[in-house]
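Here the protein sequences come in this chain order: A and B.
Going by this note's numbering, the residue at position 85 of the first sequence is 83; the numbering climbs one at a time, nothing skipped.
Going by this note's numbering, the residue at position 137 of the second sequence is 363; the numbering climbs one at a time, nothing skipped.
Using N, Cα and C, we set each Cβ at its ideal position, and we do this for glycine too.
Given the structure is predicted, the values throughout are model-derived calculations rather than measurements.
Quick notes on the structure that follows.
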Amino acid sequence: MARDNEDFTIIFNEVYPGLCRFLECFMGGQEGALAAHEDIAQESFMRFYRSGPAGLQSREARFWLYRVARNLALNEMSRRHVRSRLWSKVAEIFNRDGTNPAEEFEQEERKKMVLDLLQSLPEYQRAALLLREQSEMSYREIARVLDVSESKVKVDIFRARSALRSKWKEVESAVGNY
Amino acid sequence: MDCNWTEKVSQLLDEELSGDEALRVEEHLSACSVCSGAREDFLRVRREIKAYDFQLEPFANERALRDILASEKAPFWRRRIAVPVPAMATLLVLLLALGLWSASLRIRRPAAEGARVNQTTEANSQPEPGGAFDLSRFDHGERAAVIKIKREQSSNQ
């Protein structure tokens, strides 16, 4: 058991932060999603710990966790019912450091723009692109996580990039005109 | 405006092209302004997504890990076991072979036993002088003796 927990802790420390970031970007536009991504990441790890396949290597465990997390996120998004996280909001307010408010505002706006642009993509394109750009998975690995063919991954990533490219230009020209 | 090679540019950025193909796309890029513009934009998309500022709450990692480790694990018989496909296939073939072997043994054994029984019955079943079998060996001579007596009485009548 001690050995199991040790292995689990190693996998957790390797995968958890990246999984949270993936889920935040993946669910970004949904109401309350910013609070839910950590819950879903934790739930995925909980399932892995309690009843996940035993004896998985770290790499395999990563695929398993991303697949489960994405499915949980899709369920959550379709239900559009996200638990409120009052305490985390309160903690967020109290934990704010003394950065420049203008800088902070700009950063927040930029984050929001990235999330909004990502949300404009179809779910399967968004997932494929995030797994590629943030988690740095190969097409083959992405295909395993999303349970689709490699050629679909290739096309989805290209389409996602092309769509974001043109949307970014639209946003920039709108800001420039403003 | 778009170029037919733009999709290849996307794959080049992801290092998903073979050496020769990558070289060809690189050559094309030096000559095609559409594709080189696309590469710049794709790289920018990459930078923006990678630069997405993400911070977990302080101690969120530790808290989550503590909660998970404190939860109850499923008993081992309810857990799935990850077995690589080749190992699982070998195991199945071995089990199948074992099953066939034991089935063939079962088929062979009754046949051999049947043959042995036939031999012994043939050896023991010497016909009686009267032409009838001696039934007494089946029930230690009790009922057979009665039948024999009745048969003798009826033949005498």
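Straight-line Cα distance separating residue j from residue i
i	j	result
Val88 (chain A)	Arg57 (chain A)	Only weak support exists for where Val88 (chain A) lies, its pLDDT of 44 falling under 50; the value from the coordinates is given anyway. In a straight line, the C-alpha of Val88 (chain A) is about 36 Å away from that of Arg57 (chain A).
Gly356 (chain B)	Ser330 (chain B)	Low per-residue confidence applies at Gly356 (chain B): pLDDT is 49, beneath 50, and the placement is therefore not dependable enough to give any value.
Arg332 (chain B)	Arg48 (chain A)	44 Å
Ser82 (chain A)	Arg124 (chain A)	At Ser82 (chain A), the pLDDT of 46 sits below 50, so the modelled position is not reliable; the number obtained from the coordinates is stated separately. About 25 Å.
Asn3 (chain A)	Glu41 (chain A)	17 Å
Ser171 (chain A)	Lys165 (chain A)	10 Å
Arg45 (chain A)	Gly263 (chain B)	45 Å
Ser118 (chain A)	Asp246 (chain B)	36 Å
Glu241 (chain B)	Lys152 (chain A)	12 Å
Ile294 (chain B)	Phe20 (chain A)	20 Å
Val80 (chain A)	Leu324 (chain B)	Unreliable positioning characterises Val80 (chain A) in this predicted model, as indicated by a pLDDT of 47, which lies under 50. The coordinate reading is nonetheless provided below. Taking the straight line from one Cα to the other gives about 53 Å.
Asn73 (chain A)	Leu318 (chain B)	36 Å
Glu378 (chain B)	Ser328 (chain B)	52 Å
Ser76 (chain A)	Ala39 (chain A)	17 Å
Glu107 (chain A)	Cys23 (chain A)	14 Å
Val251 (chain B)	Thr7 (chain A)	43 Å
Leu84 (chain A)	Ala34 (chain A)	Only weak support exists for where Leu84 (chain A) lies, its pLDDT of 46 falling under 50; the value from the coordinates is given anyway. Roughly 12 Å between the two C-alpha positions.
Ser380 (chain B)	Val372 (chain B)	12 Å
Tyr14 (chain A)	Asp145 (chain A)	21 Å
Leu17 (chain A)	Arg65 (chain A)	10 Å
Phe92 (chain A)	Leu282 (chain B)	Note that Phe92 (chain A) has pLDDT 48, beneath the 50 cutoff, so the model's placement of it is unreliable and the number below is only indicative. C-alpha separation (whole angstroms): 15 Å.
Asn287 (chain B)	Leu255 (chain B)	44 Å
Ala257 (chain B)	Cys229 (chain B)	12 Å
Pro312 (chain B)	Ala100 (chain A)	58 Å
Asn382 (chain B)	Arg335 (chain B)	48 Å
Leu128 (chain A)	Gln55 (chain A)	23 Å
Leu326 (chain B)	Leu116 (chain A)	57 Å
Gln132 (chain A)	Ala126 (chain A)	10 Å
Phe156 (chain A)	Leu321 (chain B)	47 Å
Limits of the unbroken alpha helix (DSSP H) element including residue i
i	result
Leu128 (chain A)	Glu121 to Glu131
Ser76 (chain A)	Ser56 to Arg77
Asn230 (chain B)	Counting along the chain, Asn230 (chain B) falls outside any alpha helix (DSSP H), and DSSP gives it neither H nor E.
Tyr137 (chain A)	Tyr137 to Leu144
Ala264 (chain B)	Ser259 to Lys276
Leu243 (chain B)	Run containing Leu243 (chain B): none; DSSP gives neither H nor E here.
Asp279 (chain B)	Looking at the DSSP string, Asp279 (chain B) is not in any alpha helix (DSSP H), and its letter there is neither H nor E.
Glu288 (chain B)	Ala286 to Ala296
Test: residue i CB closer than 8 Å to a CB of chain A
i	result
Asp246 (chain B)	no
Ser259 (chain B)	no
Glu253 (chain B)	no
Ser262 (chain B)	no
Ser328 (chain B)	no
Ser236 (chain B)	yes
Beta carbon proximity, residue i to chain B, threshold 8 Å
i	result
Ile8 (chain A)	no
Val112 (chain A)	yes
Leu223 (chain A)	Residue 223 (chain A) lies beyond the residue range present for chain A, which begins at -1 and ends at 176; the question has no answer from this structure.
Tyr137 (chain A)	yes
Tyr47 (chain A)	yes
Phe156 (chain A)	yes
Arg83 (chain A)	Because the pLDDT of Arg83 (chain A) is 49, which lies under 50, any placement of that residue in the model is unreliable, and the number read from its coordinates should be weighed accordingly. No, Arg83 (chain A) lies away from the interface with chain B (no Cβ there is under 8 Å from its Cβ).
Val88 (chain A)	Low confidence applies here, because Val88 (chain A) scores a pLDDT of 44, under 50, leaving its location unreliable; read the following figure in that light. It does not; no Cβ of chain B falls within 8 Å.
Leu162 (chain A)	yes
Lys150 (chain A)	no
Arg130 (chain A)	yes
Met25 (chain A)	no
Phe117 (chain A)	The sequence given here has Gln at residue 117 (chain A), not Phe. Not closer than 8 Å to any Cβ of chain B, the Cβ of Gln117 (chain A) fails to qualify, so no.
Pro15 (chain A)	yes
Asn3 (chain A)	yes
Arg65 (chain A)	no
Arg19 (chain A)	yes
Ala57 (chain A)	The amino acid occupying residue 57 (chain A) in the given sequence is Arg; Ala does not appear at that position. Chain B, which has no Cβ nearer than 8 Å to the Cβ of Arg57 (chain A), makes this no.
Phe43 (chain A)	yes
Gln105 (chain A)	yes
Glu36 (chain A)	yes
Gln40 (chain A)	yes
Glu121 (chain A)	no
Arg142 (chain A)	no
Glu22 (chain A)	yes
Arg159 (chain A)	yes
Any 3 or more C-beta pairs closer than 8 Å across the segment 105 to 125 of chain A and the segment 274 to 281 of chain B: Proximity of the segment 105 to 125 of chain A to the segment 274 to 281 of chain B meets the contact definition, three or more beta-carbon pairs being nearer than 8 Å.
Taking Cβ-Cβ distances below 8 Å as the criterion, which residues of the segment 268 to 301 of chain B are in contact with chain E? Although the question refers to chain E, the structure presented lacks it and instead comprises the protein chains A and B.
Is there contact here, the segment 136 to 144 of chain A with the segment 59 to 68 of chain A, by at least three beta-carbon pairs under 8 Å? In short, these stretches touch, since the Cβ pair count reaches three.
Contact between the segment 155 to 165 of chain A and the segment 227 to 238 of chain B (3+ Cβ pairs under 8 Å): At 8 Å Cβ cutoff, the stretches touch.
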